[in-house]
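*Asks:* Going down the list, the sequences are from chains B and D.
Mind the numbering: the first sequence is residues 1 to 288 in the UniProt record's numbering, read in order.
Mind the numbering: the second sequence is residues 1 to 219 in the UniProt record's numbering, read in order.
Backbone N, C-alpha and C fix where the C-beta goes; we use that ideal spot for every residue, glycine too.
Here the structure is a predicted model, which is why all the values come from computation and not from measurement.
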Amino acid sequence: MKTAKSSLLLLPLLGLALLAGCNKTEEPTKPAATSASYLEKIKARDKLIVGVFTDKPPFGFVNEAGRYVGFDTDIGRQFAKDLLGDENKVEFVAVEPASRIPFLQSDKVDLILANMTVTPERKEAVEFTNPNLKVAVQALVPQASSVKNLDDLATRTTIVTTGTTADIWLTKNHPDWKLLKFEKNSESLQALANGRGDAYAQDNLVLFSWAKQNPGYRVLTQTLGAEAPIAPAVKKGNIELRDWVNVELAKLGEEKFLLKLYDQYVRKELSDDTKPESVIVEGGKWQG
Amino acid sequence: MASSGLELLWVSLPQLGKGAAQTLSISFLSIAISTVGGVLYGVLRTLNSTWLNAILRVYLELFRAIPVLVWLYLLFFGLPIFFGLSIPSFWCAVLVLSLWGASEVGEVVRGALHSLPRGQREAGLSIGLDGPQLYGYVLLPQALKRMTPPTINVYTRIIKTSSLAVLIGVVDVIKVGQQIIERTYESVLIYGALFLFFFFICYPLSAASRVLERRWTQA
Numbered sequence: 001m002k003t004a005k006s007s008l009l010l011l012p013l014l015g016l017a018l019l020a021g022c023n024k025t026e027e028p029t030k031p032a033a034t035s036a037s038y039l040e041k042i043k044a045r046d047k048l049i050v051g052v053f054t055d056k057p058p059f060g061f062v063n064e065a066g067r068y069v070g071f072d073t074d075i076g077r078q079f080a081k082d083l084l085g086d087e088n089k090v091e092f093v094a095v096e097p098a099s100r101i102p103f104l105q106s107d108k109v110d111l112i113l114a115n116m117t118v119t120p121e122r123k124e125a126v127e128f129t130n131p132n133l134k135v136a137v138q139a140l141v142p143q144a145s146s147v148k149n150l151d152d153l154a155t156r157t158t159i160v161t162t163g164t165t166a167d168i169w170l171t172k173n174h175p176d177w178k179l180l181k182f183e184k185n186s187e188s189l190q191a192l193a194n195g196r197g198d199a200y201a202q203d204n205l206v207l208f209s210w211a212k213q214n215p216g217y218r219v220l221t222q223t224l225g226a227e228a229p230i231a232p233a234v235k236k237g238n239i240e241l242r243d244w245v246n247v248e249l250a251k252l253g254e255e256k257f258l259l260k261l262y263d264q265y266v267r268k269e270l271s272d273d274t275k276p277e278s279v280i281v282e283g284g285k286w287q288g
Numbered sequence: 001m002a003s004s005g006l007e008l009l010w011v012s013l014p015q016l017g018k019g020a021a022q023t024l025s026i027s028f029l030s031i032a033i034s035t036v037g038g039v040l041y042g043v044l045r046t047l048n049s050t051w052l053n054a055i056l057r058v059y060l061e062l063f064r065a066i067p068v069l070v071w072l073y074l075l076f077f078g079l080p081i082f083f084g085l086s087i088p089s090f091w092c093a094v095l096v097l098s099l100w101g102a103s104e105v106g107e108v109v110r111g112a113l114h115s116l117p118r119g120q121r122e123a124g125l126s127i128g129l130d131g132p133q134l135y136g137y138v139l140l141p142q143a144l145k146r147m148t149p150p151t152i153n154v155y156t157r158i159i160k161t162s163s164l165a166v167l168i169g170v171v172d173v174i175k176v177g178q179q180i181i182e183r184t185y186e187s188v189l190i191y192g193a194l195f196l197f198f199f200f201i202c203y204p205l206s207a208a209s210r211v212l213e214r215r216w217t218q219a
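#1: Between the segment 239-251 of chain B and the segment 154-172 of chain B, do three or more beta carbon pairs fall short of 8 Å?
#2: Is it true that the CB of D:Leu72 sits closer than 7 Å to the CB of D:Ile168?
#3: Where B:Tyr265 and D:Ile66 are concerned, what is the direct C-alpha to C-alpha distance, given to the nearest angstrom?
#4: Mind pulling the chain B residues with CB within less than 9 Å of D:Ile87?
#5: Counting pairs of Cβ atoms below 8 Å between the segment 98-116 of chain B and the segment 136-150 of chain B, do you hit three or more?
#6: With a floor of 4 residues, list each alpha helix (DSSP H) that falls wholly inside the segment 80-154 of chain B, ordered by position along the chain.
#7: Would you be able to state if there are at least three C-beta pairs under 8 Å between the segment 89-97 of chain D and the segment 19-39 of chain D?
#8: Does B:Thr54 have its Cβ less than 7 Å from a Cβ in chain D?
#9: Between B:Ser186 and chain D, is there a C-beta pair that is closer than 7 Å?
#10: The alpha helix (DSSP H) with D:Ile201 in it runs from where to where?
#11: Nearest CA to the CA of B:Leu153: which residue from B:Trp177, B:Leu205, B:Thr54?
#12: Kindly indicate the opening and closing residues of the alpha helix (DSSP H) around D:Gln179.
#13: Closest to B:Arg67 by CA distance: which of B:Asn88, B:Leu207, B:Lys81 is it?
#14: Could you run through the segment 179-194 of chain D and flag, in chain order, every residue whose CB is less than 9 Å away from some CB of chain B?
#15: Less than 8 Å between the CB atoms is what I'm expecting for D:Ser89 and D:Phe76, so what's the real figure, rounded?
#16: Kindly indicate if chain D contains any beta-carbon less than 7 Å away from that of B:Val69.
#17: Note down, in chain order, all residues in the segment 159-174 of chain D with a beta-carbon under 9 Å from any beta-carbon belonging to chain B.
#18: Would you mind stating whether B:Gln138 and B:Leu207 have Cβ atoms separated by less than 7 Å?
#19: Measuring straight from C-alpha to C-alpha, what distance separates B:Glu254 and B:Pro120?
#20: B:Gln202 bridges to which residues according to DSSP?
#21: Short of 6 Å in beta carbon distance, which residues of its chain neighbour D:Leu134, apart from the five on each side in sequence? Order them along the chain.
#22: Quick one: residues in its chain with C-beta nearer than 6 Å to the C-beta of B:Ala231, no 5 flanking neighbours on either side, listed in chain order?
#23: On the premise that D:Val11 lies in contact with B:Glu64, defined as a C-beta separation below 8 Å, what is that separation, rounded to the nearest angstrom?
#24: Does DSSP put B:Glu64 in a helix, in a strand, or in coil?
#25: Considering B:Phe182, what are the terminal residues of the beta strand (DSSP E) in which it resides?
#26: If I measure Cβ to Cβ from D:Ser206 and keep anything under 7 Å in the same chain, skipping five residues before and after, which residues do I get?
#27: Taking Cβ to Cβ, would you say B:Pro58 is nearer than 7 Å to B:Gly70?
#28: Which of the three DSSP states is assigned to B:Asp263 in this structure?
#29: What would DSSP say about B:Arg218, mapped onto helix, strand or coil?
#30: I want to verify the contact list: residues of chain B whose CB lies under 8 Å from the CB of D:Pro80, in sequence order.
#31: Curious, which full-length alpha helix (DSSP H) runs of at least 4 residues does the segment 234-278 of chain B contain?
#32: Can you pull the chain D neighbours of B:Val50, defined as C-beta to C-beta under 9 Å?
#33: Would D:Gln22 count as contacting chain B if we go by Cβ distances under 7 Å?
#34: For D:Leu203, count the other beta carbons within 10 Å of its own beta carbon; 16 or more makes it buried, fewer makes it exposed. Which is it?
#35: What is the DSSP secondary structure of B:Cys22, counted as helix, strand or coil?
#36: In chain order, what residues of the same chain have a beta carbon less than 8 Å from the beta carbon of B:Leu48, not counting five sequence neighbours either side?
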C-alpha cells in the first residue's frame, strides 16, 4: 500500500521532470530574459510566495494559535520584510516532501524553505541557494537494543520516512537492507516505539530532538553518508532570486539572525552540549 | 492526560474547523457538480449517438484508469509547466473530484436508465412526449430509485478522497490533524477526532441510502 502510493507519486513527477528538462534545452536564452525581472515581478505582486513545511517542528510547523512558524518559516518572513518592507507580505504554501520540486517547477511558489537537503539529483532539478542548515543521517535504536553499529542493521529492519534523505541514501547504498517505509515522521517513530522495526534512520536533528523528549532511545554515532547542506531553493535558472537570497543570507549572518532563530526554536529540542555551529550555517558560508 | 487531551482538542478547534471547512466545501461542491454532470452523462449515453458515445467512453476510461492522485498532479503541476495555465489548488481539487465523481455517478445513471423496461420509453414516445419530457417525467424518476444507493456510495468516496488534495497544498482537516500531531505527538487523540468527523459526515449519508433502499424495495 505504502509503496504503491509512493510509486504513483513518482510517475507524474518523473514525466514532468523529463519534459521540464526538454523545455530547457530548447530555449536556452529564455531563463536570463525572464529572471532579469523576477524581483520586480515579486514587488509588483507585493507578496513573496514561499513553500514551507507545516508539520515539521522546529523547522516549519503550526503553533497553538494556528500561525505558521519555525526556523525555516521565520526566515521566509524575514525575506519578505527585507524585500517588500513588511514581514506579513508573505504567502505560505503547505508543501509535502515529494511536492517541493514540482511546486518550484510549475511556478506555484517563488522559494522553497522546507528543510531540503542538497543532493546531486536535486541540483539538476532546482537552483539551491547557499545553505542555512547542515545535517547528517543517523540511526535511532531503543536503549536496550543489541545493535552496536550500522553494520548490525544489515540483517535487521530499518524504518525510514518515504522520500527523505535517509530513504534515498539507503535505497542507493544498501539496496539489500530491509526497509520499512512510512509517510510521516510521527508514524515512523510510532513504528519504532511499537517494535515494528529495529532502527529508525532519519536526519539527526529529528532524532536528537525525539531522543531528548523520550528517554529510552540512543542515536548510533556513525553517520549514514557525509554531512550535507540544507538550503533554500528557487526554480532552476532563476539566478537573480538565488543571488538575492545569497546576499540576504550573508547580511542576516552579520546580524547572527539564524542564531536567534536557533535559540528560539531549535536549542530546546537538542541536548545541552549541542553546538549551534554543528546545526546552523550562518551567512551561507559552508558548502559541505 | 485526559484533561490535557481535551484541552488540546479545545484549543485546536479553530484550526480543525478551518480544515473541516476546506474538506467540506471541496467535497460538497464536487458532489453537486458530479451529480449534475453525472445525470447529463447518463442521459447522453442513452441517446445512442455513436460519436457522442465514443467521446464519453474515452472520458470514462481516462478517469477509471488514471488515479485521482495522478490527475491532481497533472492538472495542478502539469498545466502551468506545459501550457502556462495555473489553477489555484482549491479549484483544482474541485475540478478533479468533480470530473472523477461525474464519471462514477454517470455510469450509475446510465446503468439505471438502461435497466428500465424498454416499454417505458416506447409508451412515453407514443403519447407524444418529447425528449426532455420523456426523461423528466418518465425515465429519470423511475431510474432515481435504482441509482440513489450507489450514488450515495460515490458521495462518501468523494468526501474521503478529498484528502488527497493535501499534495497540491490544500490544508484539509486531515492535514490540520497532522500538523497538530507532529507538534504534540497526540496521534491517538487527533486521529480519534478525525475518525468521528468523517464518521458523522459519511454515516448519515449511507444510513439515508439504506433507508431509501428498504422503503423503495417494499413499495
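*Replies:* Put simply:
#1: no
#2: yes
#3: 42 Å
#4: Neighbours of D:Ile87 on chain B: none; closest Cβ ~10 Å, over 9 Å.
#5: no
#6: 100-105, 120-125
#7: yes
#8: yes
#9: yes
#10: 187-218
#11: B:Trp177
#12: 173-184
#13: B:Asn88
#14: Gln179, Ile180, Ile181, Glu182, Arg183, Tyr185, Ser187
#15: 6 Å
#16: no
#17: Val166, Leu167, Ile168, Gly169, Val170, Val171
#18: yes
#19: 29 Å
#20: B:Gln138
#21: Gly124
#22: Val118, Phe128, Thr129, Pro131
#23: 6 Å
#24: coil
#25: 178-182
#26: Ile152, Thr156
#27: yes
#28: helix
#29: strand
#30: Ser106, Asp107, Lys108
#31: 239-254, 257-261
#32: Those do not exist, as B:Val50 stays about 12 Å from chain D at its closest Cβ, beyond 9 Å.
#33: no
#34: For clarity, residue 203 of chain D is Tyr in the given sequence; the question names Leu instead. Counting Cβ neighbours within 10 Å, D:Tyr203 comes out exposed, since fewer than 16 surround it.
#35: The predicted model places B:Cys22 with a pLDDT of 43, which falls under 50 and marks its position as unreliable, so this point remains unresolved.
#36: Ile42, Gly76, Phe79, Ala80, Leu83, Leu84, Lys89, Val90, Glu91, Asp110, Leu111
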